[in-house]
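Here the structure is laid out as structure tokens; the discussion comes afterwards.
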Amino acid sequence: MTAVRLIGLLAAGWSASVLAAGPLPLRVTADRVILRASAHPEGEIVGQVMAGDVLATPDLLTTQSWVRVAAPPSVDLWVYAELVRDGRIAVNKVQVRGGPGIQFARVGELERDAPVAARGTVGDWTRIAPPEGCHLWIYRDFVAPILPPPTAAVSEKSDKSDESDKSDLSDKSEPVGAPSGAAPAATNTAVAWASAGAGPLRAGAAAPPAPLPAVDAAAGGVPARD
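Read in the numbering used here, the sequence shown has 4 at position 1, and its numbers run on one by one without any break.
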């Protein structure tokens with residue numbers, strides 16, 4: 004992708020991570036958006052798409068205002084009828100066009116024996132379903148990339164966060180060997196004391212001084228946070 008194309012997509016709010024992913028699906032964001040044979044406001048109209056339709060950009064080939072997309076199944080493309088026999092291309096190479104005539108723009112090509120799904124004939128031309136490798140252009144402001152779901156790494160991080168929360172809760176439980184029926188305040192003080200490196204509080208021993216107000220004893224001696 005050239006620098007101009009990349010800058011254009013970034014300016015439109017497409018993140019660098021999305022662009023780096025390569026080919027991706029696009030969702031149409033408006034109704035009756037025109038698909039053209041070339042990246043120009045006066046390019047040949049080949050079809051249109053509606054809001055919510057999904058297109059695919061095979062290579063993120065763009066201009067400042069246009070994105071190239073694979074021709075969707077909803078549009079009709081055309082080949083010269085005499086070059087199709089028994090549902091296959093009968094010559095070495097055939098131009099696929101956006102309309103029934105050589106005056107229409109070429110949007111792809113097919114090689115000998117390529118299968119063709121005919122949809123009817125108009126004069127000397129056969130209407131076909133878009134074969135693979137045929138591309139059209141759509142105005143970039145009317146599509147948005149469909150982002151992939153969160154990766155497994157995000158889920159793993161969330162699981163570790165849950166385990167950390169449970170660990171914090173376990174710090175608040177009564178330490179082993181504490182006198183039965185000890186007051187919660189004494190238990191918390193013992194935890195804070197042991198966390199400070201003074202060793203466990205023995206049964207019957209005098210409780211150490213209370214921690215400073217800026218330290219949350221219940222959290223294991225970790226400084227309090229807003």
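We put the CB at the ideal spot given by N, CA and C, even for glycine.
Spatial neighbours of M53 in its own chain (CB-CB distance under 8 Å, excluding positions within 5 residues in sequence) are listed in chain order as V31, D34, R35 and V36.
Counting along the chain, G101 sits inside no beta strand (DSSP E), nor does DSSP assign it H or E at all.
DSSP lists R88 and P118 as the beta-bridge partner residues of R91.
Contact between A117 and R130 is ruled out by a C-beta separation of about 16 Å, above the 8 Å threshold.
Here L113 is actually not in contact with L38; their C-beta atoms are around 20 Å apart, not less than 8 Å.
With a beta-carbon spacing of about 20 Å, V146 and L80 fall beyond the 8 Å limit used to define contacts.
Here the alpha carbons of E85 and G104 stand approximately 13 Å from one another. Distance from the CA atom of G46 to the CA atom of G102, rounded to whole angstroms, is 13 Å.
At the C-beta level, V110 and V119 stay beyond 8 Å of one another. Closest by C-alpha distance to H43, out of Q67, D56, G55 and P28, is Q67. In the DSSP assignment, G50 falls within the unbroken beta strand (DSSP E) covering I48 to V52. Counting the other CB atoms within 10 Å of its CB gives T154 a total below 16, which places it among the exposed residues. Counting along the chain, no beta strand (DSSP E) covers I149, and no H or E run does either.
Leaving aside the five residues that flank N95 on each side, the residues in its chain whose CB is nearer than 6 Å to its CB run, in chain order, R115.
Within the model, the alpha-carbon separation for D89 versus P152 is close to 43 Å. The residues L38, A40, V78, G101 and L139, in chain order, have a CB closer than 6 Å to that of V49 in the same chain once the five nearest residues on each side in sequence are set aside. The residues R30 and V31, in chain order, have a CB closer than 8 Å to that of G55 in the same chain once the five nearest residues on each side in sequence are set aside. Only residues of its own chain outside the window of five on either side were considered, and among them P103 have a CB closer than 6 Å to the CB of V125, listed in chain order.
Taking all protein chains shown into account, A93 has fewer than 16 neighbouring C-beta atoms within 10 Å of its C-beta and is therefore exposed.
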